[in-house]
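Chains as they are written, first to last, in my numbering: chain A, 1 to 266; chain B, 1001 to 1266.
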């Protein structure tokens, strides 16, 4: 059994910028020990959809996945983004293997039930359903899983699942048997007290200070689902959660330098 | 060590027809023992390229892969086609895992040198470079690799590689340690003596009769690279090679019924 694992999620804005992505992947490849990379999709899916004359629909920042859009995200997330990351990591001597939740059945999902909104082919997931044994086989053999934000319904259909949710859910599932660190990397230095000031990083957030920061309007809209996911992760066994700039992942996780925002229990 | 493995290649015309593909995958899922599926791309890549305003270029039936076309085949072969096959196989209780040659570094390639024609991002492969150990890890753990016709140059670039070539090369590599059966499935009943008569299947071809069939113009253009690959495979250790209709794969490989064309040593 492995003693420690890093689960790193890389966000869309880094993926959209080839130089930034290369730099990040070079750093990620240097992380010692077992690790998993989970990637978002970036703007490429929207661009490809536009090119093919398919209109992207969003409700509350979440994509509505109709049949045509499912094809686009399968092409872009499962193919273009995932396989390019794998090829680049191989060049950095990291033995990456690109996966969706359907591959080796690692993340079975349930198609989201229609309530007020029909999200289409959107997949809801739980840590209990994650096939930890199969993920462990890859890790035990020295492979680094690179997971695209796609799952499946075990009935032949792929489903679109938020990458932040996949990261926290896989982290919670693995945390039952391994000490698991979860790190969300994006284009900002961390959770900022003032959105326009990159120096205003909040270094630590507790469940209590999170409530205050939300009430005071410091943490708003886009960050809330990410932090909700992250707090759920540490409350259900994940050892540490960092939110940081993609440039800082190596110094935080390897050199233990202070950077980014750490979420703590209390 | 496994005693026997089936390597099956499914061609483009079946992939383009969802009903035929579903029927084939249901049959493939029922094949007993370890197995690998290798798929072509079909017309979808050309259609997606057209939709995005990218023109497909072919020379001697081989695709010229420029930067834009590489993106398209990565999306379509590595994403859309591969991941849909994986999700469908999972529904048929086959624990499929979708791979390109970059994943787990299973098929490193060399970018084709420019002689008279610049094929662009086309990858040439050899059986010696195939990472049999990594493929074996998947098989030993009960996974069924589903391989897209993409490889990589170990320098961060994906490459486009003919699916027939991947099938025969992987078969030759595995045949060094396992009894390996290679089956090419497509939309015809086998190699036909008369192209318009589905009943004119040539049941057996030897290296000698192959030469005669070529000289007499019975075997022409499109079939020649496929048969060259296939004969190379049996001459370098592959136990059997069949060319048959997708509908017949189960009856040939499981029930040992006579169908399709078998290539034999002498």
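Think of the CB as a built atom: it goes at the ideal place given N, C-alpha and C, for glycine as much as any other residue.
These numbers come from a predicted model, not from an experiment.
Query, Result
"Chain-ordered chain B contacts of residue 74 of chain A [CB-CB under 8 Å]", "1079, 1080, 1083 and 1084"
"Sequence-distant residues of its chain with Cβ nearer than 6 Å to residue 1230 of chain B (five each side left out)", "1241 and 1263"
"Residues that residue 1226 of chain B contacts on chain A, provided the C-beta gap is smaller than 8 Å", "Ordered by position in chain A, no residue passes the 8 Å Cβ test against residue 1226 of chain B, which lies about 26 Å from the chain."
"Sequence-distant residues of its chain with Cβ nearer than 7 Å to residue 154 of chain A (five each side left out)", "108"
"Integer Cβ distance of residue 227 of chain A from residue 210 of chain A, believed to fall under 8 Å", "6 Å"
"N- and C-terminal bounds of the beta strand (DSSP E) containing residue 1146 of chain B", "1144-1147"
"Residue-level contact to chain B via CB, residue 110 of chain A, 8 Å cutoff", "no"
"Residue 1025 of chain B Cβ short of 7 Å to the ligand PLP heavy atom set", "Ligands are entirely absent from the displayed structure, and the ligand PLP is therefore not among its contents."
"Simplified DSSP state of residue 1009 of chain B, which is helix, strand or coil", "strand"
"Neighbour list for residue 1090 of chain B in chain A, Cβ cutoff strictly below 8 Å", "102, 105, 152, 154 and 156"
"Range of the contiguous beta strand (DSSP E) that encloses residue 51 of chain A", "Element bounds for residue 51 of chain A: not the beta strand (DSSP E) but the alpha helix (DSSP H), 44-51."
"Which residues DSSP lists as bridging residue 1236 of chain B, in chain order", "Partner(s): none; residue 1236 of chain B has no beta bridge."
"Chain A within 8 Å of residue 1141 of chain B, Cβ atoms only", "yes"
"Whole runs of the beta strand (DSSP E) within the stretch 48-94 of chain A, excluding any shorter than 3 residues", "57-59 and 62-64"
"Chain-order list of residues whose beta-carbon lies under 7 Å from that of residue 218 of chain A (same chain, five-residue window excluded)", "193"
"Other residues of its chain near residue 105 of chain A: CB distance less than 7 Å, five sequence neighbours each side excluded", "131 and 134"
"Limits of the unbroken alpha helix (DSSP H) element including residue 193 of chain A", "That residue, residue 193 of chain A, is in no alpha helix (DSSP H); it is neither H nor E in DSSP."
"Residue 1262 of chain B, DSSP secondary structure in three states", "strand"
"Contacts around residue 1102 of chain B, its chain only, beta-carbon distance under 8 Å, and the 5 residues preceding and following it disregarded", "1150, 1151, 1152 and 1158"
"Between the CA atoms of residue 251 of chain A and residue 76 of chain A - distance to the nearest angstrom", "30 Å"
"Beta-carbon contacts of residue 1169 of chain B that lie in its chain and below 6 Å, excluding the five residues immediately before and after", "1125 and 1127"
"Residue 25 of chain A vs residue 85 of chain A beta-carbon contact at 8 Å", "yes"
"Helix, strand or coil at residue 1108 of chain B according to DSSP, with G and I counted as helix", "strand"
"8 Å Cβ cutoff met for residue 1071 of chain B and residue 80 of chain A", "yes"
"Identified DSSP bridge partners for residue 1271 of chain B", "Nothing can be reported for residue 1271 of chain B: it is not among the residues displayed for chain B, which extend from 1001 to 1266."
"Closest by C-alpha distance to residue 1038 of chain B, when choosing among B:1171, B:1156, B:1045 and B:1176", "B:1171"
"C-beta neighbour in chain B for residue 98 of chain A, strict 8 Å", "yes"
"For residue 1211 of chain B, the residue or residues it bridges with in DSSP", "In DSSP, residue 1211 of chain B forms no bridge with anything."
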